[in-house]
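Notes for the one structure printed next.
Protein chains: 2
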Amino acid sequence: MDCSEKRAAIIQATLELVSEHGFHGSPVAMVAERAGVAAGTIYRYFESKDVLISAAYADLEERLLKKILEDYPKEGAVREKFSHLARVLVTQWISSPVEFRFLEQFHNSPYGIAHRKEKMLGGNQDLCGKIFAEALEKGLVKEIPFPMFFALVFGPLIYICRDHILGFFTLDDSLLQQAIDGCWNAVKLS
Amino acid sequence: MDCSEKRAAIIQATLELVSEHGFHGSPVAMVAERAGVAAGTIYRYFESKDVLISAAYADLEERLLKKILEDYPKEGAVREKFSHLARVLVTQWISSPVEFRFLEQFHNSPYGIAHRKEKMLGGNQDLCGKIFAEALEKGLVKEIPFPMFFALVFGPLIYICRDHILGFFTLDDSLLQQAIDGCWNAVKLS
DNA sequence: ATAAAAAGAATGAACGTTCATTCAGTGGGG
DNA sequence: CCCCACTGAATGAACGTTCATTCTTTTTAT
Numbered sequence: 008m009d010c011s012e013k014r015a016a017i018i019q020a021t022l023e024l025v026s027e028h029g030f031h032g033s034p035v036a037m038v039a040e041r042a043g044v045a046a047g048t049i050y051r052y053f054e055s056k057d058v059l060i061s062a063a064y065a066d067l068e069e070r071l072l073k074k075i076l077e078d079y080p081k082e083g084a085v086r087e088k089f090s091h092l093a094r095v096l097v098t099q100w101i102s103s104p105v106e107f108r109f110l111e112q113f114h115n116s117p118y119g120i121a122h123r124k125e126k127m128l129g130g131n132q133d134l135c136g137k138i139f140a141e142a143l144e145k146g147l148v149k150e151i152p153f154p155m156f157f158a159l160v161f162g163p164l165i166y167i168c169r170d171h172i173l174g175f176f177t178l179d180d181s182l183l184q185q186a187i188d189g190c191w192n193a194v195k196l197s
Numbered sequence: 008m009d010c011s012e013k014r015a016a017i018i019q020a021t022l023e024l025v026s027e028h029g030f031h032g033s034p035v036a037m038v039a040e041r042a043g044v045a046a047g048t049i050y051r052y053f054e055s056k057d058v059l060i061s062a063a064y065a066d067l068e069e070r071l072l073k074k075i076l077e078d079y080p081k082e083g084a085v086r087e088k089f090s091h092l093a094r095v096l097v098t099q100w101i102s103s104p105v106e107f108r109f110l111e112q113f114h115n116s117p118y119g120i121a122h123r124k125e126k127m128l129g130g131n132q133d134l135c136g137k138i139f140a141e142a143l144e145k146g147l148v149k150e151i152p153f154p155m156f157f158a159l160v161f162g163p164l165i166y167i168c169r170d171h172i173l174g175f176f177t178l179d180d181s182l183l184q185q186a187i188d189g190c191w192n193a194v195k196l197s
């Protein structure tokens with residue numbers, strides 16, 4: 008096992024444990040055990056536990072973005088772009104509860120809030136921001152602040168994934184389509 | 008200061024600290040200091056830290072429910088009931104970020120997930136469940152599982168409150184109305 | 001009414017545990 | 001033989017919880 012494999016194992020172990028037990032239920036010693044390394048080794052790859060967690064998040068985000076851009080309908084209609092984004096997100100999250108639960112943990116922590124604040128206040132538009140801008144320009148959606156658009160459109164998707172993963176209901180393809188349509192109805196003009 | 012005042016002070020301190028620093032950033036010693044009591048005193052009122060946190064949550068929920076039922080339009084249309092519920096929730100949360108942040112912390116913790124599971128799988132319908140049942144019966148909303156209804160309708164409201172509190176945008180009355188309408192559009196039939 | 005005694009509440013130092021982090025030691029590759 | 005990635009026991013800080021002690025209130029006896 009070379010260096011990058013060991014790094015990946017540590018990150019994978021972090022994702023699994025944090026998603027199952029939360030940050031504070033995932034001691035470094037336990038991460039080390041699951042990754043098949045000694046506790047001290049982790050500190051050869053990551054400066055601190057905080058850095059490890061942020062790195063795990065960055066890893067996840069990068070992979071997710073790659074998945075989204077794979078078949079992204081660059082030339083399609085706005086509505087199509089949104090549908091694609093929503094579909095890939097939900098599909099990915101549902102097929103990998105570990106990653107989903109980790110993201111939830113991350114977003115509801117000091118790390119996540121700082122991260123969100125940076126993204127929101129920094130000018131760099133992400134995919135979702137671009138979709139909103141384009142929809143706005145073409146007069147397809149209500150004129151509302153972007154965070155409100157985001158809330159109306161992605162809030163439900165996240166909740167739906169959570170409830171599906173927790174077993175409160177079973178999300179099939181038809182329900183997912185209804186959810187995506189519903190989300191769009193919440194923001195579309197008229 | 009008599010007994011119930013001291014209990015209230017401890018709960019208030021818990022709400023404030025947890026909402027600001029999370030469960031694990033709120034040591035019992037710190038709660039005690041803010042409440043103006045000694046650390047040991049807390050254990051005269053609450054068996055453990057876990058019990059304290061659950062009690063703080065129960066306290067909050069009870070007050071919230073009382074607020075909602077104050078002017079509840081028992082005889083009104085379904086749509087009115089929903090509007091009222093949404094309005095009171097958002098208003099209350101926004102006017103008291105401490106309580107909102109505590110609820111968020113709670114819901115994303117083992118405590119909260121267990122609590123949610125109980126509520127969902129237990130047959131006891133809460134207010135929101137009743138609204139859904141009535142709307143369904145009258146053919147006003149799509150036939151979807153209840154958790155999906157909940158997600159589409161309350162997911163956005165929670166996100167909106169969070170973003171308003173974090174200062175990402177400012178929620179005025181007109182925007183709130185748009186949000187509530189949008190949420191309903193997401194689930195209404197046709 | 002007053003003092004003594006009992007009961008109850010509150011205190012905060014101390015305890016045992018758990019955790020992130022460190023570092024002296026180990027062993028395999030160059 | 002040396003180097004360095006790796007190890008895992010050691011370290012010390014921080015935590016939840018306990019408990020012997022102190023302070024406050026209530027009850028009893030005179």
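Those protein sequences? They're chains P and A, same order as listed.
Take the first sequence: its position 136, counting from 1, is numbered 143 in the numbering used here, and each next residue is one higher.
Take the second sequence: its position 119, counting from 1, is numbered 126 in the numbering used here, and each next residue is one higher.
Just so you know, even glycine gets a beta-carbon here, dropped at the ideal spot from N, CA and C.
Residue ranges of each alpha helix (DSSP H) within the region 135-159 of chain P, 4 or longer: none
Residues from the region 20-31 of chain P in contact with chain A, defined by Cβ distance under 9 Å: Those would be His28, Gly29, Phe30 and His31, in chain order.
Spatial neighbours of P:Lys56 within its chain, please: CB distance less than 7 Å, with the 5 preceding and 5 following residues excluded, ordered by chain position. Val35
Going straight from the alpha carbon of A:Leu196 to that of A:Glu141, what length do you get? Each residue's alpha carbon lies about 14 Å from the other.
Could you list which residues in chain P have their beta carbon closer than 8 Å to that of A:Ala93, in chain order? Neighbours of A:Ala93 on chain P: none; closest Cβ ~13 Å, over 8 Å.
Within chain A, partners of P:Glu125 - CB distance below 9 Å: Within 9 Å Cβ-Cβ: nothing; P:Glu125 doesn't reach chain A, min ~12 Å.
State the Cα-Cα distance for the pair A:Ile151 and P:Leu182, rounded to the nearest angstrom. 7 Å
Whose C-beta lies closer than 7 Å to the C-beta of P:Phe176 among residues of the same chain, with five residues either side of it excluded? Asp170
Listing by chain order, which chain A residues have their CB less than 8 Å from the CB of P:Glu111? Asn115
Output needed for P:Gly43: all residues of its chain with C-beta closer than 7 Å, excluding positions within five of it in sequence on either side, in chain order. Ala16
Chain A beta carbons: is any one of them nearer than 8 Å to that of P:Asp170? Yes, because at least one Cβ of chain A sits closer than 8 Å to the Cβ of P:Asp170.
Here's the rule I'm using: 16 or more other beta-carbon atoms within 10 Å means buried, otherwise exposed. How should P:Glu106 be labelled? buried
State the Cα-Cα distance for the pair A:Ala121 and P:Glu144, rounded to the nearest angstrom. 44 Å
Does the beta-carbon distance from P:Lys99 to P:Lys74 come in below 8 Å? The residue asked about is misnamed: residue 99 of chain P is Gln in this sequence, not Lys. For P:Gln99 and P:Lys74, yes; Cβs fall inside 8 Å.
Pick out whichever of P:Leu24, P:Val85, P:Tyr118 and P:Ser61 has its Cα sitting closest to the Cα of P:Val148. P:Val85
How would you call P:Arg51, buried or exposed, if buried means at least 16 neighbouring beta carbons within 10 angstroms? exposed
Enumerate in chain order the residues of its own chain whose CB-to-CB distance from P:Gly119 is below 6 Å, with the five nearest sequence positions on each side excluded. Phe113
Reference A:Ala158, options P:Thr48, P:Ala46 and P:Gln185, closest by Cα: P:Gln185
Within 10 angstroms of the Cβ of A:Pro163, are there 16 or more other Cβ atoms? Answer buried if so, exposed if not. buried
Quick check: the Cα distance between P:Leu96 and P:Glu68, rounded to an integer number of angstroms? 11 Å
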